[in-house]
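Some notes on the structure that comes next.
In the working numbering, the protein residues as written are 548 to 630.
As structure tokens, then:
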């Protein structure tokens, strides 16, 4: 598996708020829409001024995305793992 650091903002992230949790369902990066097929893990980093919610997501293309929600409606794609 090959890792690429991206560190770019995402144009849109479609989420479901359920049971007090944030569940990403799809995201738009560039001109491509990716459907989330599995949430592999999630975490909260409370060390910054605004807590960051992190997610490891398997998307419909088979890649694994690490995304961050920065608490001010800003989503970032940090890493991609490619088979």
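Ideal Cβ placement from N, Cα and C applies to all residues, glycine included. Computed from a predicted model, the values in this text were never measured in an experiment.
Listed in chain order, the non-local C-beta contacts of residue 597 below 7 Å within the same chain comprise 617, 618, 619, local neighbours out to five positions each way being set aside.
Between residue 553 and residue 624 the beta-carbon gap is near 5 Å, inside 8 Å, which marks them as a contact. Taking 8 Å as the cut-off, the Cβ atoms of residue 557 and residue 614 count as close. Counting only residues of its own chain and dropping the five nearest sequence neighbours on each side, residue 563 has a CB closer than 7 Å to the CB of 570, 572.
DSSP, read as helix, strand or coil, puts residue 595 in coil.
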